[in-house]
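> Residue numbers (the working numbering), protein chains in the order written: chain C, 11 to 346; chain D, 11 to 346.
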DNA sequence: CTGTTAGCGCATTCAG
DNA sequence: CTGAATGCGCTAACAG
């Protein structure tokens, strides 16, 4: 039943060599005669030997493991990041230990301690909003990379989307497709992503000599808010020909409200969201144009950066803003 | 910079005891004088000592780690399960090593090997559909529990939702609220969940002397399919007063179609889905009544079962079907 | 109660 | 090129 637990010394004696030689052979190390290397490899295969990585870690001093600390697994932002990271890491021989702090600082600290005691070689800290979070400090002794949610310490390495640019991209797309009276339905107040996008939008509008229509103000990241904000907009005397929403969910609510009011999308009014949550944007009729934050890429990049720092390379500290990508669907351009 | 790596023997000598005593003290083991235990604990704290769990694992023979093998991280089914499991496991001192096989058998095998070489104490295999999957075999030497997606080997331990009962629950709810002409919009053909639900629905209908209206047939798990299936239904001469959809996404599509045809929900037609994906069911207007699969509970239970088997308890093999839970919203009952 | 002695399985000096 | 010896940090019998 229980695995025979064939050890390296089993292989060694079976192959008629010493433990040390077997180790070297299996690790492709330095000077071992090709012939013996092959013989050891063969017997290892026969015995279906598998390294005990616990023991290996102990003597090597590295565990081949990285921690993945997330604050909310359910979040739709941390998940793609996690996937990208897991993908890149898993391919590189290293395992990922997952910890969900549930947004609780105590629990986070506990997790960090157990991760550290497990001798992880590096740590990825991923959050689900772009407002900076408290740094874990520089005393951890291992490389740490903050993903999506940046650290508030500029000495840390953080990867986050360039939401200002995302705002520019969105506004420019609407302008390019002929819209002039663009309303911005915002997410929650005091939210960095929303603020950054607003900035980018304003910049792009100014470039074009236009002014944003910004009546409905802030709300939740929900369809409900999208519906009511849009109703407000349509109820006012201000004419609009585009609604730019801070999230796809808000945009979906807006779509329903526009339709209920008899406005056709995109003919009467163009509609856009952010995040490119295809679950929403690709399912509606018409699909909703959005700006993708390249989250999975971000996770992958974070993993690569971690790898690099294992090799001794030092990535530049500070917050690195990653490019976003426009995804056009029917809500801004007919036909498509 | 690098952690001082204070070891147990550092603590021991600092506290003026032997290594062994220090170990026992810190582990709250057998006979150690209360006084010395405290002294050791104190110095350990002073030196901010932290166990090296790699070394500990090596000598104990157990790693305090379980593998979590999933086939699709993005899946909305595996995620809640994973959360529940991570929660229960994390609270119990054990860490979770995450592996995503991306639905690829080769990759899955690779992951299993590295997990095994990492000496995991147990394995959770979670999938995102309820059709049985190939067993990993009984030769792994550690307890394995299949979650959501059951194993095809009855000797394995599997946890999965009771979709037959879910079907009954759904149909009974519609019947209880006075519906008689109920259509079932199904998901993909050859899908176990859909088949099980159909069975339960039929049973409940028969109990009430009713017959299911089942014209539109099978389709994708998408809003699009929900829309077209419902359009078909409404276009036929058969009158209906309820649409029971195999998923919330399908139901949402159905809602749009009903509305487009001028049917009011729930007054003219009641509407239900399965899975209780609140992202959808709670956001629409009205909310969509659904049957929750208790996924997070399932994950938690899986973790507990794993724990139990560490303690030597043997859970009964076979597939255990877990109860589902009706969640009533506005789409089946006015007001609420 | 406490300290001594062995390993856990492997990588790594350093002689041969 | 190969092998005997040493240690990673800790737990687990044993003696004292």
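Think of the CB as a built atom: it goes at the ideal place given N, C-alpha and C, for glycine as much as any other residue.
Should residue 6 of chain C be flagged as near chain D, meaning a C-beta pair shorter than 8 Å?
No answer is possible for residue 6 of chain C: it lies beyond the span of chain C, which begins at 11 and ends at 346.
> Leaving out the 5 sequence neighbours to the left and right, which residues in its chain are closer than 6 Å to residue 34 of chain C when beta-carbon positions are compared?
As a working mapping, residue 34 of chain C is identified with position 24 in the first chain. Taken in chain order, the residues that qualify are 42.
> Quick check on the burial criterion: 16 or more other C-beta atoms within 10 angstroms. Buried or exposed for residue 153 of chain C?
For this step, residue 153 of chain C is matched to residue 143 along the first chain. Buried, since its Cβ has 16 or more Cβ neighbours within 10 Å.
> Please determine, among D:105, D:110, D:92, D:103, the residue with the shortest C-alpha to C-alpha distance to residue 157 of chain D.
The residue labelled residue 157 of chain D in the question sits at position 147 within the second chain. Cα-wise, what sits closest to residue 157 of chain D is D:92.
> So, at 6 Å on beta carbons, what are the nonlocal neighbours of residue 138 of chain C in its own chain, with the 5 sequence-adjacent residues on each side left out?
Along the first chain, read from residue 1 onward, the residue named residue 138 of chain C stands at position 128. Excluding sequence neighbours, residue 138 of chain C sits near 82, 85, 87, 88.
> Going along the stretch 107-120 of chain D in order, which residues come within less than 9 Å of chain C, judged by CB to CB distance?
Taking 9 Å as the Cβ-Cβ cut-off, the stretch 107-120 of chain D approaches chain C at 107, 108, 109, 110, 112, 117, 120, given in chain order.
> From the DSSP output, in three-state form, read off residue 171 of chain C for me.
Within the first chain, residue 171 of chain C is the residue found at index 161, counting from 1. If DSSP states are grouped into helix, strand and coil, residue 171 of chain C belongs with the strands.
> Determine the extent of the alpha helix (DSSP H) in which residue 302 of chain D is found, giving its start and end residues.
Counted from its first residue, the second chain places residue 302 of chain D at position 292. In the DSSP annotation of this structure, residue 302 of chain D is not part of any alpha helix (DSSP H); the continuous beta strand (DSSP E) holding it starts and ends at 300-302.
> Would you mind reading off the limits of the beta strand (DSSP E) that contains residue 325 of chain D?
On the second chain, position 315 is the one that residue 325 of chain D refers to. Careful: residue 325 of chain D lies outside any beta strand (DSSP E) and carries neither H nor E.
> Please determine, among C:256, C:252, C:238, the residue with the shortest C-alpha to C-alpha distance to residue 231 of chain C.
Your numbering for residue 231 of chain C matches position 221 in the first chain. Checking every option, the nearest Cα to that of residue 231 of chain C belongs to C:256.
> Report yes or no: is there a C-beta of chain D within less than 8 Å of the C-beta of residue 64 of chain C?
Within the first chain, residue 64 of chain C is the residue found at index 54, counting from 1. Yes, residue 64 of chain C lies at the interface with chain D (some Cβ there is under 8 Å from its Cβ).
> Check residue 279 of chain C in the structure and name its three-state DSSP category.
As a position in the first chain, residue 279 of chain C is number 269, starting the count at 1. Three-state DSSP puts residue 279 of chain C in coil, outside helix and strand.
> Can you confirm whether residue 186 of chain C, when its beta carbon is compared against all beta carbons of chain D, has any partner nearer than 8 Å?
Numbered from 1 along the first chain, position 176 holds the residue referred to as residue 186 of chain C. Answer no: the Cβ-Cβ gap between residue 186 of chain C and chain D never drops below 8 Å.
> Is residue 74 of chain C buried or exposed, if buried means 16 or more other CB atoms sit within 10 Å of its CB?
The residue you call residue 74 of chain C lines up with position 64 of the first chain. So residue 74 of chain C ends up on the buried side.
> Are residue 140 of chain D and residue 202 of chain D touching if we call contact CB-CB under 8 Å?
Taking the first residue of the second chain as position 1, residue 140 of chain D is located at position 130. Taking the first residue of the second chain as position 1, residue 202 of chain D is located at position 192. By the CB criterion at 8 Å, residue 140 of chain D and residue 202 of chain D fall inside the cutoff.
> Measuring CB to CB, does residue 133 of chain D end up less than 8 Å from residue 79 of chain D?
Counted from its first residue, the second chain places residue 133 of chain D at position 123. Counted from its first residue, the second chain places residue 79 of chain D at position 69. Yes. Within cutoff.
> Residue 199 of chain C and residue 212 of chain C: beta carbons closer than 8 Å?
The count along the first chain starts at 1 and reaches residue 199 of chain C at position 189. The count along the first chain starts at 1 and reaches residue 212 of chain C at position 202. Not closer than 8 Å, so no.
> From residue 327 of chain C to residue 338 of chain C, what distance separates their C-alpha atoms?
In the first chain, residue 327 of chain C corresponds to position 317, counting from 1. In the first chain, residue 338 of chain C corresponds to position 328, counting from 1. Computed Cα separation, rounded: 34 Å.
> Can you tell me the Cα-Cα spacing of residue 287 of chain C and residue 330 of chain D, whole angstroms?
For the purposes of this step, residue 287 of chain C is taken as residue 277 along the first chain, with counting starting at 1. For the purposes of this step, residue 330 of chain D is taken as residue 320 along the second chain, with counting starting at 1. Approximately 34 Å between the Cα atoms of the pair.
> Does residue 20 of chain D have its Cβ less than 8 Å from a Cβ in chain C?
Taking the second chain and counting its residues from 1, one reaches residue 20 of chain D at position 10. Chain C, which has no Cβ nearer than 8 Å to the Cβ of residue 20 of chain D, makes this no.
> Please look up how many angstroms separate the CB atoms of residue 162 of chain C and residue 180 of chain C, rounded, as I've assumed it's under 8 Å.
Residue mapping note: residue 162 of chain C aligns to position 152 of the first chain, counting from 1. Residue mapping note: residue 180 of chain C aligns to position 170 of the first chain, counting from 1. About 27 Å separates the two Cβ atoms, so there is no contact after all.
> From this set, C:110, C:96, C:94, which residue's C-alpha is nearest residue 90 of chain D's C-alpha?
Residue numbering aside, residue 90 of chain D sits at position 80 when the second chain is read from its first letter. Ranking C:110, C:96, C:94 by Cα distance to residue 90 of chain D puts C:110 first.
> Could you please give me the residues that DSSP links to residue 330 of chain C through a beta bridge?
As a first step, residue 330 of chain C is located in the first chain; it is residue number 320 there, counting from the start. Residue 330 of chain C pairs with C:169.
> Answer with yes or no whether the minimum CB distance from residue 124 of chain D to chain C is below 8 Å.
For this step, residue 124 of chain D is matched to residue 114 along the second chain. Chain C, which has a Cβ nearer than 8 Å to the Cβ of residue 124 of chain D, makes this yes.
> Along the chain, where does the beta strand (DSSP E) that runs through residue 335 of chain D open and close?
The residue you call residue 335 of chain D lines up with position 325 of the second chain. Per DSSP, residue 335 of chain D belongs to the beta strand (DSSP E) from 335-337.
> Less than 8 Å between the CB atoms is what I'm expecting for residue 94 of chain C and residue 305 of chain C, so what's the real figure, rounded?
Locating residue 94 of chain C in the first chain gives position 84, counting from the first residue. Locating residue 305 of chain C in the first chain gives position 295, counting from the first residue. Here residue 94 of chain C really is in contact with residue 305 of chain C; their C-beta atoms are around 7 Å apart, less than 8 Å.
> Look up residue 193 of chain C in the DSSP assignment and give the residues it is bridged to.
Here residue 193 of chain C corresponds to residue number 183 of the first chain, with the count starting at 1. BP columns for residue 193 of chain C point to C:223, C:253.
> Are there 16 or more other CB atoms within 10 angstroms of the CB of residue 15 of chain C, so buried, or fewer, so exposed?
Here residue 15 of chain C refers to the residue found at position 5 when the first chain is read from its first residue. So residue 15 of chain C ends up on the exposed side.
> Starting from residue 110 of chain D, trace the beta strand (DSSP E) both ways and give me its first and last residue.
Counting from 1 along the second chain, the entry for residue 110 of chain D is found at position 100. 105-110 is the span of the beta strand (DSSP E), which, as asked, contains residue 110 of chain D.
> Which residues, taken in chain order from the stretch 291-308 of chain C, show a beta carbon closer than 7 Å to some beta carbon of chain D?
293
> Could you check whether the Cβ of residue 314 of chain C sits closer than 8 Å to any Cβ belonging to chain D?
Translated into positions along the first chain, residue 314 of chain C becomes position 304. Judged by the 8 Å Cβ criterion, residue 314 of chain C is not in contact with chain D.
> By the DSSP assignment, the beta strand (DSSP E) with residue 77 of chain C in it spans what residues?
Locating residue 77 of chain C in the first chain gives position 67, where the first residue counts as 1. That run of the beta strand (DSSP E) goes 75-80.
> Would you decide whether residue 171 of chain C is buried or exposed? Buried here means 16 or more other CB atoms lie within 10 Å of its CB.
On the first chain, residue 171 of chain C is found 161 positions in, with the first residue counted as 1. Residue 171 of chain C comes out buried.
> For residue 360 of chain D, count neighbouring C-beta atoms within 10 Å of its own C-beta (all shown protein chains included) and say buried if the count is 16 or more, exposed if not.
Shown here, chain D extends from 11 to 346; a query on residue 360 of chain D therefore has no answer.
> Does residue 168 of chain D come within less than 8 Å of chain C when only Cβ atoms are used?
Along the second chain, read from residue 1 onward, the residue named residue 168 of chain D stands at position 158. Chain C contact via Cβ: absent.
> Excluding five sequence neighbours on each side, which residues of the same chain lie with their C-beta closer than 7 Å to the C-beta of residue 336 of chain D?
Within the second chain, residue 336 of chain D is the residue found at index 326, counting from 1. Non-local beta-carbon contacts of residue 336 of chain D in its own chain, meaning distances under 7 Å to residues more than five positions away in sequence, involve 179, 183, 301 in chain order.
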